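Chains as they are written, first to last, in my numbering: chain S, 1 to 134; chain X, 1 to 134; chain C, 1 to 134.
Glycine residues also receive a C-beta, built at the ideal position from the N, C-alpha and C atoms.
These numbers come from a predicted model, not from an experiment.
What follows is a set of notes on a single structure, which appears directly below.
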Amino acid sequence: MMQKILSVRTDVREGLYDITEEVKKVVTESRVVTGTVSVYVQGATAAIMIQENWDDSVQRDVINLLGRLIPKGVWEHDRQDGNADAHLKAGLVGPGEVIPIVNGKMGLSTWQNIFLCEFDGPRGMRKIVVTVTA
Amino acid sequence: MMQKILSVRTDVREGLYDITEEVKKVVTESRVVTGTVSVYVQGATAAIMIQENWDDSVQRDVINLLGRLIPKGVWEHDRQDGNADAHLKAGLVGPGEVIPIVNGKMGLSTWQNIFLCEFDGPRGMRKIVVTVTA
Amino acid sequence: MMQKILSVRTDVREGLYDITEEVKKVVTESRVVTGTVSVYVQGATAAIMIQENWDDSVQRDVINLLGRLIPKGVWEHDRQDGNADAHLKAGLVGPGEVIPIVNGKMGLSTWQNIFLCEFDGPRGMRKIVVTVTA
Numbered sequence: 001m002m003q004k005i006l007s008v009r010t011d012v013r014e015g016l017y018d019i020t021e022e023v024k025k026v027v028t029e030s031r032v033v034t035g036t037v038s039v040y041v042q043g044a045t046a047a048i049m050i051q052e053n054w055d056d057s058v059q060r061d062v063i064n065l066l067g068r069l070i071p072k073g074v075w076e077h078d079r080q081d082g083n084a085d086a087h088l089k090a091g092l093v094g095p096g097e098v099i100p101i102v103n104g105k106m107g108l109s110t111w112q113n114i115f116l117c118e119f120d121g122p123r124g125m126r127k128i129v130v131t132v133t134a
Numbered sequence: 001m002m003q004k005i006l007s008v009r010t011d012v013r014e015g016l017y018d019i020t021e022e023v024k025k026v027v028t029e030s031r032v033v034t035g036t037v038s039v040y041v042q043g044a045t046a047a048i049m050i051q052e053n054w055d056d057s058v059q060r061d062v063i064n065l066l067g068r069l070i071p072k073g074v075w076e077h078d079r080q081d082g083n084a085d086a087h088l089k090a091g092l093v094g095p096g097e098v099i100p101i102v103n104g105k106m107g108l109s110t111w112q113n114i115f116l117c118e119f120d121g122p123r124g125m126r127k128i129v130v131t132v133t134a
Numbered sequence: 001m002m003q004k005i006l007s008v009r010t011d012v013r014e015g016l017y018d019i020t021e022e023v024k025k026v027v028t029e030s031r032v033v034t035g036t037v038s039v040y041v042q043g044a045t046a047a048i049m050i051q052e053n054w055d056d057s058v059q060r061d062v063i064n065l066l067g068r069l070i071p072k073g074v075w076e077h078d079r080q081d082g083n084a085d086a087h088l089k090a091g092l093v094g095p096g097e098v099i100p101i102v103n104g105k106m107g108l109s110t111w112q113n114i115f116l117c118e119f120d121g122p123r124g125m126r127k128i129v130v131t132v133t134a
C-alpha cells in the first residue's frame, strides 16, 4: 500500500491534461509487482478518463462531444452558480479509474494514457489521490 | 479488509439518494488509515455516481440530462419489459466507484458526495456492497 | 492477490461480449472469500460495461444508443485515422470495473453480467487484465 497526492494546475475552462508520467512515478516508487492503482480526482467539476494520446485531436474531441451532449446554461443548478454543465460532465465521466499493475508496470496499452479532465478551470491546484494496492 | 452490505429503499422511479454517511460509517469502523473503499450497487437498473450535494438541483439535473440523452420507449428491449432506458442509464453511469481512504477518512472533497442512482424504482431494497481494502 | 490476462476475439466492428464466466473462473481459482476483482481492458477503442444479460436486446440497444450520441466521421481525430467515435465511446464508458467478492463469489446480482464492449473490431485478440485483491 502506497499513497501520494498529485497537484495539477489547469489553465483553461475545459481541457484534458495527461498525468500518466506522474502516476507512473508513484507506481515505480511503490515497487509493487502485481496489483492495482486507483487514480481519483477531488472536486466535483473534474474527472479522470483513460484515452488515446497519439495526437491532441481526441482530447479536443472529448471536450467537443461533452459540450454537445451537455450544453451550458439550461440546467436548474445554473441558477445557483452557473456551472451545472461542469458537474454533469464530471459525474458522467466519473472521478476515478483503477488500473492494473502487471510485472511492476501499469497495464496500459500503447495508446492508453491517463487524463485529468478539467470542466471548470482554470484552477491553481487540482488534487489527485493515487493509491497503489498490492 | 472489511465488507458490509447496505440496504436502501427508493420511493420514486428515478432519483439520486445520498449514501455518503452510510459508507463513512463502514470506513470508520474498518479503522483503515490508508487504502480504498469500493462502493458497488447490485441490480442492472441502478448506478453509483459521485456528485455535488450543495443543493438538490444537480441531482434533478442528472435525471433530466439522462432522460434527454436516453429517451423512454424507443429501444428494442422495451418490447421485452419496457425499462430499456433504465438499463442503458445504469450501464453508462456504471454500478461502482472506488474512493481512496486518506488519513482514516474518505478522500472526498468538500462538495463530493456518493449517490445511489435509481432508474427503475420504487424498490423496497437496493443492496450496495461496500468493501474496504487496506 | 491473483492476476490473469484473458484473451477475447471479436468478430464485428461494434458489439458486446459476455466475459462473466471467464472472470468467474479467475475468482474461483483465487480462493479469495472477501475482496474485489478489477476487470480492465487494454486498447483505447474498447470498454467494460456491467449490463443485463436476460436477452440480447439490451446489448444491441447499447450499441445503438452510443451510435446516436457519438456519430461517426464528424470529429477532428477522424482526419487522422477515422475511428474517433470508437475512442470517444471507449473513454465515456471506461476501460474497467471493480466488482466486490462476497462469500467467495462475485457480488453481481442475478441480471448483472460483465461485458467487453468492442467499438473498433474485429480484433484477433482483446486483452483483459483480471486482478483479484483480498
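8 Å CB neighbourhood of residue i in its chain, flanking five on each side removed
{"i": "GLY107 (chain X)", "result": "ILE99, PRO100 and ILE101"}
{"i": "ARG9 (chain X)", "result": "PRO122, ARG123, GLY124, MET125 and ARG126"}
{"i": "GLU76 (chain X)", "result": "ALA84"}
{"i": "MET1 (chain X)", "result": "THR131, VAL132, THR133 and ALA134"}
{"i": "GLU52 (chain S)", "result": "VAL58, TRP111, GLN112 and ASN113"}
Residue i (DSSP reduced to helix, strand or coil)
{"i": "THR131 (chain X)", "result": "strand"}
{"i": "THR34 (chain X)", "result": "coil"}
{"i": "LEU88 (chain C)", "result": "helix"}
{"i": "VAL39 (chain X)", "result": "strand"}
{"i": "MET1 (chain X)", "result": "coil"}
Proximal residues to residue i (C-beta, below 7 Å), its chain only, five neighbours per side dropped
{"i": "ALA86 (chain C)", "result": "THR45, PHE119 and ASP120"}
{"i": "GLY91 (chain X)", "result": "none"}
{"i": "GLY43 (chain C)", "result": "ARG126"}
{"i": "TRP54 (chain X)", "result": "TRP111"}
Residue environment, residue i, which counts as buried when at least 16 other CB atoms sit within 10 Å
{"i": "GLU21 (chain C)", "result": "exposed"}
{"i": "GLY124 (chain S)", "result": "exposed"}
{"i": "LYS139 (chain S)", "result": "As displayed, chain S neither begins before 1 nor continues past 134, which places residue 139 (chain S) out of reach and without an answer."}
{"i": "ASP56 (chain S)", "result": "exposed"}
{"i": "LYS72 (chain S)", "result": "exposed"}
{"i": "ASN11 (chain C)", "result": "According to the sequence displayed, residue 11 (chain C) carries Asp and not Asn. By the neighbour-count rule (16 or more Cβ atoms within 10 Å), ASP11 (chain C) is not buried but exposed."}
{"i": "GLY82 (chain S)", "result": "exposed"}
{"i": "VAL74 (chain C)", "result": "exposed"}
Residues sharing a beta bridge with residue i, DSSP
{"i": "ASP120 (chain S)", "result": "Note: ASP120 (chain S) sits in no beta bridge, so no partner."}
{"i": "GLY96 (chain S)", "result": "S:TYR40"}
{"i": "ASN113 (chain X)", "result": "X:GLN51"}
{"i": "LEU6 (chain C)", "result": "C:ILE128"}
Close Cβ partners of residue i (< 6 Å) along its chain, the five nearest in sequence each way excluded
{"i": "GLN112 (chain X)", "result": "ILE50"}
{"i": "VAL129 (chain X)", "result": "ILE5 and TYR40"}
{"i": "VAL33 (chain C)", "result": "GLY104"}
{"i": "ALA134 (chain S)", "result": "VAL32 and GLY35"}
Residue i beta carbon near the ligand PLP (any heavy atom closer than 6 Å)
{"i": "ARG13 (chain C)", "result": "Although the ligand PLP was asked about, the structure shown includes no ligands whatsoever."}
Open item on the list: Quick check on the DSSP output: what are the complete alpha helix (DSSP H) runs of length 4 or more inside the stretch 49-82 of chain S, in order along the chain?
Closed with: 57-69 and 78-81
Task: Length-filtered (3 minimum) beta strand (DSSP E) runs lying within the stretch 10-34 of chain S - done: 15-18
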